[in-house]
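In the numbering used here, the protein residues as written are 340 to 666.
Written below as structure tokens is the structure these notes are about.
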Ligand code: SIN
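Take a look at the structure:
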């Protein structure tokens, strides 16, 4: 495996909040100025959001998943709003790794926020090869491995099996010296087993959860609404489910957790931190309020001050666990 360097991006990108509370968080080898990141698939390649978001505030940017070669994605309709959240079945529409390298990396790494790459392959070798090429860009904050997309067939749901999750993480770690975050799916019986496997494979952190598989039906037409029939549910409906996953994984692994799932308010952020997440990603909320992540950084600073906290670590994992009961 390559030598483990530490990636302290906290001083290069320091928080501009008006607070004395320390917001810096450590995600394995990666140190970030604050724990509010934006989630892959909800922020384009950041250009799309530049008019709306103060990049100098947020903790990090995770752009749309890239694959070795471009994909046109799934047939439309690819999104639908439900009563309680959004279903998507985009199918990893993206321009591919070469375009990411030539067009998006120069822009992303010029921004006032740390930028990751989020990658998916159809085979372990494809993940490793992408990681090898992205290793040439130490300006990146890290790699998030999408091993959890529910909307493609042919190999990218490595996260549904602990063994394959461990293998893919290990292959990326051996190919690349950037920090590695494994993004996990909730569509499994036991997410803690996959989180443990990712940790065993050498992940610096795990991010969870990706979307919950679901569907919408137009009963009058007797037809599924999404072109790909099934999709992934995100937004407020999944918050309690995601929180449960973070709580369980925090008890199971020692590596840091980035919580994702229906987060849109500062109370949501605090709940995930208290449950054991060291950072969070804002996803679906970006679609209806692109400035929400920067606002949450300010609100986080304010709420820590109101709570008399001098360091965010006083909050992370601070949940009181009731004694085990039952038969
Ligand atoms: C998609 O492109 O279908 C969504 C990506 C994901 O859920 O990982």
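We put the beta carbon where it would ideally sit given N, CA and C, even for glycine.
- DSSP links residue 563 through a beta bridge to 556.
- Excluding five sequence positions before and after residue 384, the CB atoms of its chain that fall closer than 6 Å to its own CB belong to 402 and 443, given in chain order.
- Annotation for residue 404 indicates a beta carbon within 7 Å of some heavy atom of ligand 1.
- For residue 400, the CB contacts under 8 Å within the same chain, skipping 5 residues up- and downstream, are 376, 377, 382, 385, 394, 447, 450, 452, 453, 454 and 455 in chain order.
- Counting C-beta pairs closer than 8 Å gives three or more between the stretch 509-519 and the stretch 463-476, which meets the contact rule.
- Each of 608, 537, 622 and 581 was checked against the Cα of residue 593, and the nearest Cα belongs to 537.
- Membership of residue 522 in any alpha helix (DSSP H) is not indicated; the residue belongs instead to the beta strand (DSSP E) covering 519-523.
- About 7 Å separates the beta carbons of residue 489 and residue 549, which is inside the 8 Å limit, making them a contact pair.
- Buried is the label assigned to residue 597, since at least 16 other Cβ atoms lie within 10 Å of its Cβ.
- Proximity to residue 636 across 655, 610, 604 and 471 peaks at 604, based on C-alpha coordinates.
- Around the beta carbon of residue 557, fewer than 16 other beta carbons sit within 10 angstroms, so the residue counts as exposed.
- In the displayed model, residue 361 falls within a strand according to three-state DSSP.
- With fewer than 16 other Cβ atoms inside 10 Å of its own Cβ, residue 660 counts as exposed.
- Assignment of residue 484 by DSSP, reduced to helix, strand and coil, places it in the strand class.
- Residue environment for residue 415: exposed (fewer than 16 other C-beta atoms within 10 angstroms of its C-beta).
- Short of 8 Å from the beta carbon of residue 533, and not among the five residues preceding or following it, lie these beta carbons of its own chain, in chain order: 498, 499, 500, 501, 504, 523, 524 and 527.
- By the CB criterion at 8 Å, residue 440 and residue 510 fall outside the cutoff.
- With a cutoff of 7 Å, residue 463 does not count as near ligand 1, since its C-beta is closer than that to no heavy atom of the ligand.
- DSSP places residue 425 in the uninterrupted beta strand (DSSP E) bounded by 425-427.
- Counting along the chain, the unbroken alpha helix (DSSP H) around residue 444 starts and ends at 444-447.
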